Amino acid sequence: MPRSPAFRVLRLTIILFALGFLVYKLASPKNIDAISQVTGYSNGRFRESVVADSKPAQTKDEQPKEAPATRPQEELKEDKAEVKTKESNSESKEPASAVVVEEATSPAPPPFNDGVGPTYVHANATFVTLARNEDIWNLVKSIRNVEDRFNHKYHYDWVFLNDAEFDDDFKEITTALVSGTTKYGKIPKEHWGFPEWIDKERAAKTRQEMAEKKIIYGDSVSYRHMCRFESGFFYRHPLMMEYKYYWRVEPDITLHCDIDYDVFKFMEEKQYDYGFTLSLYEYGDTITTLWDSVRKFLKAHPEHAVKDNLMEWLSDDEGYSYNRCHFWSNFEIGNLDFWRGKAYSEFFDFLDQEGGFFYERWGDAPVHSIGAGLFLPKSKVHYFDDIGYWHVPFTNCPTNREDRLRLKCSCNPRDNFSWKGYSCTSKYYNVMGMEKPSEWRTQS
Ligand SMILES: Nc1nc2c(ncn2[C@@H]2O[C@H](COP(=O)(O)OP(=O)(O)OP(=O)(O)O)[C@@H](O)[C@H]2O)c(=O)[nH]1
Ligand SMILES: [Mg+2]
Numbered sequence: 017m018p019r020s021p022a023f024r025v026l027r028l029t030i031i032l033f034a035l036g037f038l039v040y041k042l043a044s045p046k047n048i049d050a051i052s053q054v055t056g057y058s059n060g061r062f063r064e065s066v067v068a069d070s071k072p073a074q075t076k077d078e079q080p081k082e083a084p085a086t087r088p089q090e091e092l093k094e095d096k097a098e099v100k101t102k103e104s105n106s107e108s109k110e111p112a113s114a115v116v117v118e119e120a121t122s123p124a125p126p127p128f129n130d131g132v133g134p135t136y137v138h139a140n141a142t143f144v145t146l147a148r149n150e151d152i153w154n155l156v157k158s159i160r161n162v163e164d165r166f167n168h169k170y171h172y173d174w175v176f177l178n179d180a181e182f183d184d185d186f187k188e189i190t191t192a193l194v195s196g197t198t199k200y201g202k203i204p205k206e207h208w209g210f211p212e213w214i215d216k217e218r219a220a221k222t223r224q225e226m227a228e229k230k231i232i233y234g235d236s237v238s239y240r241h242m243c244r245f246e247s248g249f250f251y252r253h254p255l256m257m258e259y260k261y262y263w264r265v266e267p268d269i270t271l272h273c274d275i276d277y278d279v280f281k282f283m284e285e286k287q288y289d290y291g292f293t294l295s296l297y298e299y300g301d302t303i304t305t306l307w308d309s310v311r312k313f314l315k316a317h318p319e320h321a322v323k324d325n326l327m328e329w330l331s332d333d334e335g336y337s338y339n340r341c342h343f344w345s346n347f348e349i350g351n352l353d354f355w356r357g358k359a360y361s362e363f364f365d366f367l368d369q370e371g372g373f374f375y376e377r378w379g380d381a382p383v384h385s386i387g388a389g390l391f392l393p394k395s396k397v398h399y400f401d402d403i404g405y406w407h408v409p410f411t412n413c414p415t416n417r418e419d420r421l422r423l424k425c426s427c428n429p430r431d432n433f434s435w436k437g438y439s440c441t442s443k444y445y446n447v448m449g450m451e452k453p454s455e456w457r458t459q460s
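Numbering-wise (the numbering used here), the sequence shown opens with residue 17 and increments by one.
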């Protein structure tokens, strides 16, 4: 359809106006920015240069020390209020679970941090254990007890002795458990065997008779070597020669209470030479002639029996006979120099010649007890009422409740053997002239 010239002019004008408006809109700064963000291109330069030109993120150190002077006071007040709120949140409004998580994820404390410091002056002391390789799993229990209740704070050494070579397993396990240095020694043949003067046939006959009488360990050769070694040789093994004090530990014992002081330094400071936890009467059939030999020795060496000794504890008739009281030697804390001294050395050599370790079954407990009881003043022998101790079948449990609670004891005071009729501890208190702990009667 033909159009008039006026209509054509109007249509052209409208198109030009619409195009002009579109160009104006697209050319506004806002749209240029939007386009550059999408394309990465802006004002003829790639966005990298835009980023490089922009101010880098502020680090903590670069933060302005003071608020700009131009900032309104209200704004500053608001900031301070926000900090305060955060602080008070962390102090009092933090949920309890957050605190627990923080504790659980904090690094573990260094080992032995409750122990003595590097400048602590130790006593010259060691633990000592006689054991076979196969004793290892009964022994770990003892070591764990001693470490947990005492030695994790002090790290005293531990000497292990054996009539055979210790195997690698024994050494690795015990070294891992002991917090001090461990040492392993083989017992020389002369200290573990029949001495040349022993009539082996007579010894075998004794064993046979004791087996028939069902005397415990009566038929055992190795038990006799053990008793002889503990009586006269453990303290002169080369590994023991560098020490002054020892604590004997056997497999399968329990320590019932914390020991909150250094027992070796205690022995040193108080000048004690022998410490025990349990005492009792020896099995008579194992020591039939022991006291006869003791009397023979005392007659030959009257100079060795000291004044104010424990003869009254060992004998009820001024030395005529032995009442069989002895300290139970599976636990001992003592001074090695006493065993190495002239009196006890001569005493042991005499008994060894007598042959009772093999012709009877003399135990190291009565031999040690008679030696300590006669050649030490009684003031040098100490009863550790506070050391909770168990070796099958007897328990020493601190007598007074106050001590049991303070030392976190796990023993039942009713099991305390020390005030029972078959114990010699009550007699020890009488002979020492000491007052018994207040609760002793309730445990007798
Ligand atoms: N190397 C070695 N050690 C031994 C031998 N016999 C015993 N022992 C150790 O000597 C100590 C005393 O032996 P035990 O068998 O405990 O004797 P006991 O305490 O009288 O008797 P138990 O009631 O059995 O404990 C322990 O430390 C034993 O590990 C042995 O033949 N060789
Ligand atoms: Mg034992």
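Glycine included, C-beta positions come from ideal geometry on N, C-alpha and C.
Nothing here was measured: the structure is a model prediction, and the numbers come from that model.
Answer with buried or exposed for residue i, where buried requires no fewer than 16 other C-beta atoms within 10 angstroms of its C-beta.
| i | result |
| --- | --- |
| P414 | buried |
| K323 | exposed |
| N446 | exposed |
| R420 | buried |
| G331 | Reading the sequence as shown, one finds Ser at residue 331 and not Gly. Buried. |
| P393 | exposed |
| K169 | buried |
| K396 | buried |
| N140 | exposed |
| G350 | buried |
| S337 | exposed |
| M257 | exposed |
| V144 | buried |
| V132 | exposed |
| N428 | exposed |
| V310 | buried |
| A180 | exposed |
| M242 | buried |
| S460 | exposed |
Along the beta strand (DSSP E) that carries residue i, what are the first and last residues, could you check?
| i | result |
| --- | --- |
| R264 | 261-264 |
| F249 | Element bounds for F249: n/a, residue is neither H nor E. |
| F343 | 341-343 |
| F295 | Before going on, a small fix: residue 295 reads as Ser here, not Phe. Here the beta strand (DSSP E) through S295 covers 295-297. |
| K315 | Per DSSP, K315 belongs to no beta strand (DSSP E); it is in the alpha helix (DSSP H), 306-316. |
| G291 | 290-292 |
Which first and last residues belong to the alpha helix (DSSP H) in which residue i is found?
| i | result |
| --- | --- |
| H384 | 380-391 |
| I185 | Per the sequence presented here, residue 185 reads as Asp, with Ile not at that position. Per DSSP, D185 belongs to the alpha helix (DSSP H) from 184-193. |
| F373 | 372-375 |
| T222 | 216-228 |
| V282 | Looking at the sequence itself, residue 282 is Phe, so the reference to Val does not match. That run of the alpha helix (DSSP H) goes 279-286. |
| K394 | No alpha helix (DSSP H) holds K394; DSSP gives it neither H nor E. |
| M327 | 327-330 |
| W208 | From DSSP, W208 is part of no alpha helix (DSSP H); its letter is neither H nor E. |
In this structure, how does DSSP classify residue i when only helix, strand and coil are distinguished?
| i | result |
| --- | --- |
| C440 | coil |
| W355 | helix |
| T145 | strand |
| E107 | Here E107 scores only 35 on pLDDT, less than 50, and its place in the model is too uncertain to base an answer on. |
| E451 | coil |
| M140 | The sequence given here has Asn at residue 140, not Met. Coil. |
| N178 | strand |
| E348 | strand |
| K169 | coil |
| C425 | coil |
| N161 | helix |
| I152 | helix |
| N416 | coil |
| V237 | helix |
| T135 | coil |
| G474 | This structure leaves residue 474 out entirely; the chain is present only between 17 and 460. |
| W456 | helix |
| Y338 | coil |
| E258 | coil |
Who pairs with residue i in a beta bridge, going by DSSP?
| i | result |
| --- | --- |
| W406 | T270, T411 |
| D365 | BP columns for D365 are empty, so no partner. |
| K199 | V175 |
| N432 | T411 |
- [ ] Kindly confirm or deny that the stretch 200-211 and the stretch 237-250 touch, where touching means at least three C-beta pairs closer than 8 Å.
- [x] Touching, yes, given that three or more Cβ pairs across the two stretches are closer than 8 Å.
Task: Contact between the stretch 268-279 and the stretch 400-410 (3+ Cβ pairs under 8 Å) - done: Output reads yes: the stretch 400-410 touches the stretch 268-279.
TODO: Indicate whether the contact test is met: 3 or more Cβ pairs, each with one atom in the stretch 446-458 and one in the stretch 185-201, closer than 8 Å.
DONE: No, the stretch 446-458 does not touch the stretch 185-201.
- [ ] Pair every Cβ in the stretch 285-296 with every Cβ in the stretch 432-441, then say whether three or more of these pairs are closer than 8 Å.
- [x] Touching, yes.
- [ ] Assess, as a yes-or-no matter, whether the stretch 218-235 is touched by the stretch 351-367 under the definition of 3 or more beta carbon pairs within less than 8 Å.
- [x] By the criterion of at least three beta-carbon pairs nearer than 8 Å, the stretch 351-367 is not in contact with the stretch 218-235.
Open item on the list: For the pair the stretch 224-241 and the stretch 304-320, tell me if three or more CB-CB distances fall below 8 Å.
Closed with: With a cut-off of 8 Å, the stretch 304-320 and the stretch 224-241 do not count as touching, because too few Cβ pairs lie within range.
- [ ] Flag this pair as touching only if the stretch 365-375 and the stretch 283-291 have three or more C-beta atom pairs under 8 Å; answer yes or no.
- [x] Taking 8 Å as the limit for Cβ pairs, the verdict is that the stretch 283-291 does not touch the stretch 365-375.
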